[in-house]
Structure formats: structure tokens, C-alpha cells
Amino acid sequence: MTKEERLKKRHRSEKRFRFYGLASILVALLFVVILVQNIFSKGSSAFKKTVITTEIFFDQDLLEIQNGASQEEIMEADFYDVMIENLIKAYPAKDRAEEDELLKLFSGDAEIEIKKAFLKDNDLLGKTITLDLTASDDIDQLHKGNYPRDLPEERRRISDFQLVIYDYFVENKKISKNFNNYFFNNGDSRDPELAGIGGALVGSFYSILICLLLAFPVAVLASIYLEEFAPKNKITDFIEININNLAAVPSIVYGLLALQILLATIQLPRSTPLVAGITLALMTLPRIIIPCRASLKAVPPSIREGALAVGASKFQSVFHHVVPLALPGTLSGTIIGLAQALGETAPLILIGMVAFVVDIPSSPVDPSSSLPVQVYLWSESAERGFVEKTSATIMMLLSFLIVMNFIAVYLRQKFEKRWN
Amino acid sequence: MNNIKIKSKNLNVYYGDKQALFDVNLDLNEKEVTALIGPSGCGKSTFIRCINRMNDVIDICKVTGNIEMDGMNINDKDLDVVSLRERVGMVFQKPNPFPKSIYDNISYGPKIHGKGETKSELDQIVENSLKKSALWEEVKDRLDEPGTSLSGGQQQRLCIARAISVNPEVILMDEPCSALDPIATAKIEELIDELKKTYTIVIVTHSMAQAVRVSQKTGFFHLGKLIEVGNTEKIFKNPDNKMTQDYITGRFG
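Encoded structure:
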């Protein structure tokens, strides 16, 4: 082979390598785009809900309360008849059967919505107001265009007559889309139009908080001791290997451990953020210790020697110099560990967080759901309304993870000090 | 003739199975510069790190024999290394200022030793230390800038100021100029000349010329043994030992 040929061959192989690299990046990007596009196109409609504008007349005889009634009296009053009387006027129905079909277009919470409007303004007795009432899931999906209306009637959840009413609403501009406050404020529900991630958000928040409170101090102290104070011998080597192994243990194993120890032996309350937090802390501990030790190790020994040489004790050199320098790396490692914990599903399913919980937990010992488990629960539901809710929850989860990772990168770049 | 400040008797140092120093007997005079020369890995640095017990940091390091400062046994297991290092400062091969402000770099030592209770006392210590290390004029207007933003030579003088700040009796310098350019080196050498009026100085160096310029006494190490020690002038002009002669004339090393 001549010199020119060898040179050409070298250039060719470099070009080939560049092409492979570029191609793999493009393929990876393509997958990300497909994933994000899929989630967005399915989920973005969940942030809006369909409402039907209805006139409500608060009839004193039906409510059986007096003007100036107290909050308790209103809470106990029966709004059912008021609801029925007003809703059937929304469309000129001919008989009882048609009225029943009409009522099905409203969500199961219509009565509560009317009551809430009344509670807000005590002066409504004997008056008429217009109220945006949440539509049922079927109408919601139909209005958002997620539901094909050209199927034969027996394969549709909406009857032909309901479609007629719907068209009447659209024609009279009585139907519209509002911001979906239920999605953020409500707990889980059997009715997709009423289901929200409020409970899952609070549950996840409590779980991660407990995880942080338990895992962070233990992990930081363990790393500082192992890295700075512990003698280097077989025992510490053994501990180090095991920490690395624990970080690679499948998370479901931690779920089994928690099931046996926390629930069966110690008998902590099932399905609660408390148990979830402890389980996640166990799982996150080695995942925080590893980056924490790495950032301690990255502090150059000359800084330690400099401190020791002016007469700082070991403790002072570590806590005045090494730890502050390692802090940005430690914090970003912790945040990334917590982000992993936030997305963890398997161990939470084992400790019973997969239960159907309607109430929003008010403390870490109340039964609750969590964001990833909520995704899992809804993804198994058949109703179309839950499909968009699932994707929207994934969007929320992803945005939390992105924000957390962004904070981690920011902390590292902003506060990392340069030496030498 | 000055008093003897530090006296080592049959000092042996082991790193694990490997012996690094063999029966070193070396006396260091008060308020004088002693230079230690010798090829790489001959134990010069190991020796000066015995004086402020920096070898404690290395787990596998074991020191036997005697090393005394003003009659106090430095090698005593019960000795408090913190108070020892308050009396014996050290400057390292590579400048290693803390990644903090210039002011904090110098005030750190006095603070942890409880010197300079008030802000004005601390200010005074910082100013004096910087003046003694000939850095004051260059940095007096930017004391809150990070120490790492200075040039290499300035950083090394900052490290000298940091060592001075706790008012030690002895300053150990481990090749303080090896990472510096000739101009910065000249400045440090001038400074050493000035500092020897107040402090006992031990300097490890690879530069024969530097040893001649700054020191009064020179010790030559080879393979962990102290081969020869004496007045600098004598060592460089008329050494007793053939090996010393060969080393200073550049025949090996």
C-alpha cells in the first residue's frame, strides 16, 4: 500500500466513524421526538374540560331554606331537586326518557357544583344565574374531538338523541372549554371528567420530602465519614463494594423489603406516603452516597494539606474546606437521586399505594397515591377520558423531572469553584 | 553561631514495607535558611513533612526515632498536632490557596487558633502577613477577590502569607518555586532572605543555584540517607563526599 492509499484509508475511516456517531444521535433524537409528540398530542387536551352553560334558578320551595340561612343549613340543604328542575330546561325534551338522556350529559358532580355556587354568594335565593357545569366524560371527549361520532349507534356510548342535544348546545353556543381545575385539585375518581392528580401530587410531595429528610443527612454523613475519616482497610472496601451493589439492586426488591419489615413487622399504615418515603429513602441512599463520595474525592488533596498545614484539625479541614467545595456536587447528586425516586413505581405498588384513593391526603400517614402510580392506574382504565389524563400526568411528571435536573445542573455550574 | 531549633536523631520513615529515610541526624539552626538538595525521591520532602507531622495524613506511613523542637519531642504520640502546626508552617510545591477570598485565605489560620478576636485585629494580621510576604501593594485593593484569581507567583506568596499569619517559628518550604517562572522565583527568594530574620526556614529545592542564593546551610540527601551536611559555601565549593561533588556538578541526579 502506498502512502497516499494509507492516508486515504485513514480519512475514510474517520469519515465513517463521524457518520455512525451522527446517525446514532439522530436516531436517539427521533425516538425522543416521537415520545414527546405522542404524549403531548394525547395529553394536552386534559388541561381543558368541557362545560355546559346552564341557567340555574334557586327555588326557595325546593331548597326548603330561608333567606339568610347559615352555612351549615345550606350544607345540609338538598340541591338535588333544584339541579333536576334546572337541567331538564337546558333542552326542550318531550318526555321522561328524553329528560333522562339529557341529564346524562352532565357530570355526576353537577349537584355539588350548584351547591358551591350558592355557598359562594348567600344572596342567590329566588334568583337565576348562569353557571358553567362540567359535562360528562362522553360529551367531554366528543367535544374535544377524541370520540368518533360516525360509528353505528350500538357501538357508541352516546345515543343518537344525545348527539342531537349536543348539536343543539353547540348551535346555541352553550358548550365551551374551560381550564380544567379538577385535574389539579381533585383526587382520583371513577368518572374521568372528575378525576385529578391532586391526591397523587400531594402524595408524591410527602413521599419525596420524607425520602429527602431520611436519605440526605444519612448519605452525606456516611460519605464524609467513609471518604475522609474511615481507615482504608478490608472492611471499608467491603462496605464500598456493597454500596455500589445496593445502587444496582432492582427497586422492586426494596418494595418487598418494605412490605415485610415496614408493613408486616412494624405495622406502619399501608398505602401511605410515610412508608413510601422510607422505602424510597432506602433505595435512594446508595444512589446519593456514590455521587457524594465522588464529589468529595474530586476536591484536590492540596486543599486538605493547606488547611492542615495552618493548624486546622482533621474535622476543621473537612468541614471548613472540603465539604463546602463538595457541596454543589453533593446537592446535584441528591436532586438526581430524588428525581429517580419521584419516578419510581414498582416498590410503591408493593406497599399498597396502588389503592384507589379519592381523598387528598392531609398528612403523610393518610392513604394516598403518587404520580407514577397514578399513571399506572389510569393507563389500565378503559374510558377514553383516562387516556388523556394518563398522558397529562406523564407530562406533569416529566416536567417535574426536567425542573429537578435543571436545578441540579444549575447548582453544579453556579457554585462549583475552580481550583489551581 | 545560632541556636539549634530542630534536632533529628536516628529518624527512620517507612511507607508500608518501603523505608524512605535511614537514620537521619540533622540539626536546623534558628533564624537561618537550611536547604535540602538531592535527586527526586531521595527523602527530602519526607524529612520536612516529619517536622510538622504531615506524614500523619498517609495511613501507611510510620516514623521512628527522635525529632525535637526546642527540646520537645515532635514524634510524641500524645503531642497535639494542631498546636505543633501552629508553630511550624508549611508552603507547598504547587500554590494551593483556598478557593476563597484573599482576605479569608489569610484570616482562616488566626481565626481557628483564636488569634484576632475582633475584625480590626484580624484586618491588622491580614495586612501584616501580606506586607511580610511582599504582596500587600499588589492586592490591597482587592482583598475580597478569590485567591485563585492571582498569578502563580502571587498565589505562592499568598500561601507564604497564609503560613505567616499564625505567627509560626518555623516555615517549611517544599520546592516553593518549582511551578513558577524566573521573575516570580526571584521575588520569592528575596522574600525568603527577608523572612529568615524572623523565622527558621527549611527549603527543599532542585535548583543548586537557589540553594546557594538563599541558604546558609545545606544538606544533601541520597536514597533516603543524609550524605552530607554543612555550610552552604563549603558544600558547594569543597564537599567532603564524592557523591555530593558528583551531584552538584550535575554528573548524576
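Sequence order for the protein chains is Y and Z.
All letters in the first sequence, in the order written, are residues 1 to 420 by this note's numbering.
All letters in the second sequence, in the order written, are residues 1001 to 1253 by this note's numbering.
Glycine included, C-beta positions come from ideal geometry on N, C-alpha and C.
Using a Cβ cut-off of 7 Å, pull out every chain Y residue sitting near residue i, in sequence order please.
i          : result
Tyr1108(Z) : Val310
Met1090(Z) : Ala309
Asn1052(Z) : Ala309
Val1082(Z) : Gly311 and Ser313
His1206(Z) : None at all; the shortest Cβ gap to chain Y is about 19 Å.
Quick test of your reading: residue i and residue j, contact by CB under 8 Å. State the CB separation rounded to the nearest angstrom.
i          : j          : result
Pro286(Y)  : Leu246(Y)  : 4 Å
His320(Y)  : Ala307(Y)  : 7 Å
Val387(Y)  : Lys42(Y)   : 6 Å
Val1204(Z) : Leu1036(Z) : 5 Å
Val275(Y)  : Ile351(Y)  : 5 Å
Ser223(Y)  : Glu344(Y)  : The Cβ separation is near 22 Å, so there is no contact.
Ile210(Y)  : Ile278(Y)  : 7 Å
Asp132(Y)  : Val51(Y)   : 4 Å
Does residue i come within less than 9 Å of chain Y when only Cβ atoms are used?
i          : result
Val1254(Z) : The structure shown has nothing for residue 1254(Z), since chain Z only spans 1001 to 1253.
Ala1163(Z) : yes
Arg1085(Z) : yes
Cys1159(Z) : yes
Gly1224(Z) : no
Ile1006(Z) : no
Val1192(Z) : In the sequence under discussion, the amino acid at residue 1192(Z) is Ile, which differs from the Val named in the question. Answer no: the Cβ-Cβ gap between Ile1192(Z) and chain Y never drops below 9 Å.
Ile1067(Z) : no
Ile1112(Z) : yes
Which residues in chain Z have a C-beta closer than 9 Å to the C-beta of residue i? List them in chain order.
i         : result
Lys414(Y) : What Lys414(Y) touches in chain Z: nothing, since even the nearest Cβ is about 14 Å away.
Flag residue i as yes if its beta-carbon sits less than 9 Å from any beta-carbon of chain Z, otherwise no.
i         : result
Ala426(Y) : The first residue shown for chain Y is 1 and the last is 420, placing residue 426(Y) beyond what the model contains.
Gln141(Y) : no
Pro328(Y) : no
Ser429(Y) : The structure shown has nothing for residue 429(Y), since chain Y only spans 1 to 420.
Pro436(Y) : The displayed coordinates of chain Y run from 1 to 420. Any statement about residue 436(Y) would go beyond what the structure contains.
Asn420(Y) : The predicted model places Asn420(Y) with a pLDDT of 44, which falls under 50 and marks its position as unreliable; any figure quoted below should be read in that light. With 9 Å as the cut-off, Asn420(Y) counts as an interface residue toward chain Z.
Gln316(Y) : yes
Leu325(Y) : yes
His11(Y)  : no
Residue range of the beta strand (DSSP E) that residue i falls in?
i          : result
Cys1061(Z) : Cys1061 to Met1069
Asp1174(Z) : Val1170 to Asp1174
Tyr1015(Z) : Ile1004 to Tyr1015
His1222(Z) : Lys1217 to His1222
Gln957(Z)  : Nothing in the structure corresponds to residue 957(Z), since chain Z is present only between 1001 and 1253.
Ile1037(Z) : Val1033 to Ile1037
Glu1228(Z) : Lys1225 to Asn1231
Got a sec, what are the start and stop residues for the alpha helix (DSSP H) residue i sits in?
i          : result
Glu55(Y)   : Per DSSP, Glu55(Y) belongs to no alpha helix (DSSP H); it is in the beta strand (DSSP E), Lys48 to Phe57.
Glu4(Y)    : Lys3 to Gly43
Ile261(Y)  : Here Ile261(Y) belongs to no alpha helix (DSSP H), and DSSP marks it neither H nor E.
Lys389(Y)  : Arg384 to Phe415
Gly337(Y)  : Val323 to Leu342
Phe169(Y)  : Asp160 to Glu171
Thr1046(Z) : Lys1044 to Ile1051
Phe118(Y)  : Ala110 to Lys120
Using a cut-off of 8 Å between C-beta atoms, extract the partners of residue i located in chain Z.
i         : result
Lys232(Y) : Asp1059
Leu246(Y) : Result: empty, since nearest Cβ-Cβ is about 26 Å, beyond 8 Å.
Ser295(Y) : Neighbours of Ser295(Y) on chain Z: none; closest Cβ ~14 Å, over 8 Å.
Ile303(Y) : Asn1096, Phe1098 and Pro1099
Give the interface partners of residue i over in chain Y, defined as CB-CB distance under 9 Å, in chain order.
i          : result
Val1214(Z) : Those do not exist, as Val1214(Z) stays about 21 Å from chain Y at its closest Cβ, beyond 9 Å.
List, in chain order, every chain Y residue whose beta-carbon is nearer than 8 Å to that of residue i.
i          : result
Val1166(Z) : Val310 and Gly311
Original post:
Counting Cβ pairs, one atom from each stretch, are 3 or more of them under 8 Å apart for the stretch 1036-1047 of chain Z and the stretch 1075-1083 of chain Z?
Top reply: Pairwise C-beta distances place the stretch 1036-1047 of chain Z out of contact with the stretch 1075-1083 of chain Z, as fewer than three of them are shorter than 8 Å.
**OP:** Pair every Cβ in the stretch 187-201 of chain Y with every Cβ in the stretch 324-340 of chain Y, then say whether three or more of these pairs are closer than 8 Å.
**Re:** Using a Cβ-Cβ distance cut-off of 8 Å, the stretch 187-201 of chain Y and the stretch 324-340 of chain Y are not in contact, since fewer than three pairs of beta carbons, one from each stretch, lie closer than that value.
Original post:
Do the stretch 351-364 of chain Y and the stretch 150-168 of chain Y meet, that is, are 3 or more Cβ pairs less than 8 Å apart?
Top reply: No, they do not touch.
**OP:** Mind the definition here: the stretch 1002-1017 of chain Z touches the stretch 1052-1067 of chain Z only if three or more C-beta pairs lie below 8 Å; say whether that holds.
**Re:** In the pairwise beta carbon analysis, the stretch 1002-1017 of chain Z is classified as touching the stretch 1052-1067 of chain Z: at least three pairs are separated by under 8 Å.
Original post:
Do the stretch 132-145 of chain Y and the stretch 91-109 of chain Y meet, that is, are 3 or more Cβ pairs less than 8 Å apart?
Top reply: Taking a cut-off of 8 Å on C-beta distances, the stretch 132-145 of chain Y touches the stretch 91-109 of chain Y, as three or more cross pairs fall below it.
Original post:
Between the stretch 259-288 of chain Y and chain A, which residues of the former have CB atoms less than 8 Å from a CB of the latter, in chain order?
Top reply: In the structure shown, chain A does not exist; the protein chains are Y and Z.
Original post:
With contact counted as at least three CB pairs below 8 Å, one residue from each stretch, are the stretch 183-197 of chain Y and the stretch 252-271 of chain Y in contact?
Top reply: Taking one beta carbon from each stretch, the stretch 183-197 of chain Y and the stretch 252-271 of chain Y have fewer than 3 pairs nearer than 8 Å; the two do not touch.
Original post:
Would you say the stretch 1187-1199 of chain Z touches the stretch 1103-1121 of chain Z, given that touching needs at least three Cβ pairs under 8 Å?
Top reply: The stretch 1187-1199 of chain Z is not in contact with the stretch 1103-1121 of chain Z.
Original post:
Using 8 Å as the threshold, is the stretch 63-76 of chain Y in touch with the stretch 95-104 of chain Y, meaning 3 or more CB pairs across them?
Top reply: Segments in contact, no.
Original post:
Contact between the stretch 48-59 of chain Y and the stretch 70-78 of chain Y: three or more CB pairs below 8 Å?
Top reply: The stretch 48-59 of chain Y is not in contact with the stretch 70-78 of chain Y.
**OP:** Could you say if the stretch 1090-1101 of chain Z and the stretch 1146-1161 of chain Z meet the contact criterion of at least three C-beta pairs nearer than 8 Å?
**Re:** The stretch 1090-1101 of chain Z vs the stretch 1146-1161 of chain Z: in contact.
Original post:
Are three or more beta carbon pairs between the stretch 393-402 of chain Y and the stretch 1141-1153 of chain Z nearer than 8 Å?
Top reply: Contact between the stretch 393-402 of chain Y and the stretch 1141-1153 of chain Z is absent, because fewer than three Cβ pairs lie under 8 Å.
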